[in-house]
Amino acid sequence: MLNLDLAIIGSGPYGISLAAHAQETGLDYKLFGYPMDFWQNKMPPEMFIRTKLNFLGLSDPHDRFTLEAYQQEKHLNINYPTSRSLWIDYAFWFAEKNKITFTKELVTDLREVNGGFYFESETGRSVCAKKVVVAIGLAHSEYIPENLAHLSEKLVSHTSGYTQYGTFRGKRVIVLGGGQSGWEAAALLHQSGAHAELVYRGPSRKPPIPNINARQRELADKFYFLPSDEQEALRKELLQATVTDFLVTLVEGKVPQRPNTQIVKARPTSSGTLKITFHHGETVEVDHIITATGYRVSLNNIPFLKTIASRIDIESNGFPKVDPCFQSSVKGLYFVGPLSSYHHGPSFTQIAGVWHTAKTVIPSIQESNC
Ligand SMILES: Cc1cc2nc3c(=O)[nH]c(=O)nc-3n(C[C@H](O)[C@H](O)[C@H](O)COP(=O)(O)OP(=O)(O)OC[C@H]3O[C@@H](n4cnc5c(N)ncnc54)[C@H](O)[C@@H]3O)c2cc1C
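Take the sequence shown: its position 215, counting from 1, is numbered 725 in our numbering, and each next residue is one higher.
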């Protein structure tokens, strides 16, 4: 049995930043999960990252291992937009510099025991931890609209999980959704030789919000304490489905678009295709729909939280209630990253929230001061 002060569940940007801060404190901790798994294995790493270079990085206690420091050490000249694979390389360099070791195991069935927590990992390892931080990003939150969710994975899938689209070469594919991941899937399908078409509800592409990275970084520190009407207005503004400029030339003139359009029905045909009916009555036949319809957090959908979920206060929209230090209603259990983004704000759906998170959660755990 492993006995820890702290178990960090999730080895993405949030988990790695928390580990860098925990490393300095002398806390006996372990970082669970597959390192940078979402970025390496759930999205195409050769696509670009949309965060501007000045705001791209992970958090360590003295802000030493920045993207700038990585660039200098590796003699690189990083330009915007930069590829996700470079971001992944940076994250592993950052982990090495901070002497972080990964425990590459998924956690199953988290429970409360004797004022702390107990869980097993997928390898059968038993762990007791005084405190637990859940940093699993958007895992188990993929959203497929109800009228498509019943169809087989062969016919309908979500953008999450695709690292490339080669299997769709020569196929007719509808990409549903007019945000960044829809445009990105459309571009990559086109490059892979698929006959893609982009279908979305709005009238046109929404360009990025000016200075979005700077605003998100700044808001991370104060969103929690804003009046609720201001919070709601910011969620509405900053969580809009926008599309970065670098995708425009990869899609426009290459992938046909159907704006102002909704799918009302999709029916499998006897030949293994899908017959789709749009809201204005037109029908088309395609081989596959890729839904780029985003993510909806629901704590109850996360398998390893099944036992403990009934003890956690959960908002009606599925997010856990968390305090200013990211602690849930179960003392010692913290939620960070996208799972904290309802209370802490849109910055935490992005890398922008890692600095505030690491600098808040680790002192709170160390000093029990929240
Ligand atoms: C297509 C797309 C593009 C994006 N581009 C950007 C961008 O350009 N800039 C930006 O700031 N944000 C971007 N994001 C948002 C991005 O998801 C977050 O910035 C970031 O990945 C969140 O980090 P995280 O550490 O919370 O989780 P993740 O990076 O998702 O990592 C989750 C970790 O949890 C682990 N895990 C899951 N289940 C378990 C379990 N049961 N036990 C143990 N470990 C587990 C995984 O193995 C993984 O290590 C993008 C999102 C998408 C979908």
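Glycine included, C-beta positions come from ideal geometry on N, C-alpha and C.
Closest by C-alpha distance to residue i, when choosing among the options
{"i": "asparagine 770", "options": "Thr754, Phe836, Thr779 and His789", "result": "His789"}
{"i": "arginine 560", "options": "Thr611, Phe836 and Ile719", "result": "Ile719"}
{"i": "tyrosine 600", "options": "Tyr590, Leu699, Thr618 and Glu578", "result": "Glu578"}
{"i": "glutamate 630", "options": "Ser595, Cys638 and Gly680", "result": "Cys638"}
{"i": "aspartate 547", "options": "Lys607, Ala530 and Phe612", "result": "Phe612"}
{"i": "glutamate 663", "options": "Ser702, Thr783 and Leu849", "result": "Thr783"}
{"i": "glutamine 622", "options": "Thr801, Lys841 and Ile598", "result": "The amino acid at residue 622 is misidentified as glutamine; the sequence shows glutamate. It is Lys841."}
{"i": "glycine 532", "options": "Gly626, Val642 and Lys562", "result": "For clarity, residue 532 is alanine in the given sequence; the question names glycine instead. Among Gly626, Val642 and Lys562, the Cα nearest to that of alanine 532 is on Val642."}
{"i": "isoleucine 526", "options": "Ile610, Pro713 and Glu795", "result": "Ile610"}
{"i": "histidine 854", "options": "Asn587, Ser569 and Phe735", "result": "Phe735"}
{"i": "threonine 803", "options": "Ala724, Asp755, Leu620 and Gly688", "result": "Gly688"}
{"i": "leucine 729", "options": "Asp570, Arg574 and Val864", "result": "Val864"}
{"i": "histidine 572", "options": "Ala868, Ile875 and Ser874", "result": "Ala868"}
{"i": "tyrosine 710", "options": "His660, Leu757, Thr801 and Lys681", "result": "Thr801"}
{"i": "cysteine 835", "options": "Leu563, Ser850, Ala862 and Gln582", "result": "Ser850"}
{"i": "proline 555", "options": "Ile654, Ala529 and Ser593", "result": "Ser593"}
{"i": "leucine 563", "options": "Pro591, Arg777 and Tyr539", "result": "Pro591"}
{"i": "asparagine 551", "options": "Leu748, Ile519 and Thr669", "result": "Thr669"}
{"i": "phenylalanine 858", "options": "Ser595, Pro523 and Gly712", "result": "Pro523"}
{"i": "glutamate 534", "options": "Ile588, Asp570, Ser595 and Phe756", "result": "Asp570"}
With 16 other Cβ atoms within 10 Å as the buried cut-off, status of residue i
{"i": "histidine 585", "result": "exposed"}
{"i": "valine 753", "result": "buried"}
{"i": "proline 856", "result": "buried"}
{"i": "glutamate 694", "result": "buried"}
{"i": "arginine 727", "result": "buried"}
{"i": "methionine 557", "result": "buried"}
{"i": "proline 737", "result": "exposed"}
{"i": "alanine 651", "result": "Sequence check: residue 651 is serine here, not alanine. So serine 651 ends up on the buried side."}
{"i": "asparagine 608", "result": "buried"}
{"i": "threonine 677", "result": "exposed"}
{"i": "leucine 512", "result": "exposed"}
{"i": "threonine 779", "result": "exposed"}
{"i": "serine 826", "result": "exposed"}
{"i": "glutamine 837", "result": "buried"}
Coarse secondary structure for residue i, derived from DSSP in three states
{"i": "histidine 668", "result": "strand"}
{"i": "arginine 821", "result": "helix"}
{"i": "tyrosine 852", "result": "helix"}
{"i": "glutamine 772", "result": "coil"}
{"i": "lysine 869", "result": "helix"}
{"i": "phenylalanine 612", "result": "strand"}
{"i": "serine 765", "result": "With the sequence shown as reference, residue 765 is identified as valine, and serine is not the correct amino acid for it. Valine 765 falls in the coil class under three-state DSSP."}
{"i": "histidine 531", "result": "helix"}
{"i": "threonine 618", "result": "strand"}
{"i": "leucine 650", "result": "Reading the sequence as shown, one finds histidine at residue 650 and not leucine. Correct three-state label for histidine 650: coil."}
{"i": "threonine 576", "result": "coil"}
{"i": "proline 813", "result": "helix"}
{"i": "valine 643", "result": "strand"}
{"i": "tyrosine 539", "result": "strand"}
{"i": "histidine 660", "result": "coil"}
{"i": "histidine 798", "result": "strand"}
{"i": "glutamine 837", "result": "strand"}
{"i": "isoleucine 598", "result": "helix"}
{"i": "proline 830", "result": "strand"}
{"i": "threonine 754", "result": "coil"}
Residues bridged to residue i [DSSP beta-bridge criterion]
{"i": "glycine 626", "result": "Val623"}
{"i": "arginine 777", "result": "Lys785"}
{"i": "cysteine 638", "result": "Asn513 and Tyr628"}
{"i": "serine 593", "result": "Phe558"}
{"i": "alanine 706", "result": "Val683"}
{"i": "phenylalanine 845", "result": "Val644"}
{"i": "tyrosine 675", "result": "DSSP output for tyrosine 675 lists no bridge partner at all."}
{"i": "isoleucine 519", "result": "Phe542 and Val644"}
{"i": "threonine 793", "result": "Thr787"}
Sequence-distant residues of its chain with Cβ nearer than 6 Å to residue i (five each side left out)
{"i": "arginine 715", "result": "Val753"}
{"i": "phenylalanine 602", "result": "none"}
{"i": "glutamate 877", "result": "none"}
{"i": "leucine 616", "result": "Glu632"}
{"i": "threonine 787", "result": "Val774, Lys775 and Thr793"}
{"i": "lysine 816", "result": "none"}
{"i": "tyrosine 675", "result": "Leu698, Leu699 and Ser702"}
{"i": "leucine 648", "result": "Tyr805 and Pro848"}
{"i": "asparagine 882", "result": "Nothing about residue 882 can be reported from this structure: the residues present for the chain run from 511 to 880 only."}
{"i": "glycine 712", "result": "Gly688"}
7 Å Cβ shell around residue i - same chain, five flanking residues per side excluded
{"i": "tyrosine 544", "result": "Ser521 and Lys614"}
{"i": "alanine 696", "result": "Val685, Ala706, Leu708, Val761 and Val765"}
{"i": "threonine 576", "result": "Gly567"}
{"i": "arginine 745", "result": "Pro856"}
Contacts around residue i, its chain only, beta-carbon distance under 8 Å, and the 5 residues preceding and following it disregarded
{"i": "aspartate 739", "result": "none"}
{"i": "arginine 679", "result": "Ser702, Gly703 and Ala704"}
{"i": "glutamate 795", "result": "Arg682, Thr779, Thr783, Leu784, Lys785 and Ile786"}
Cβ of residue i within 8 Å of any chain D Cβ
{"i": "valine 832", "result": "Looking at the structure shown, chain D is missing, and only one protein chain is on hand."}
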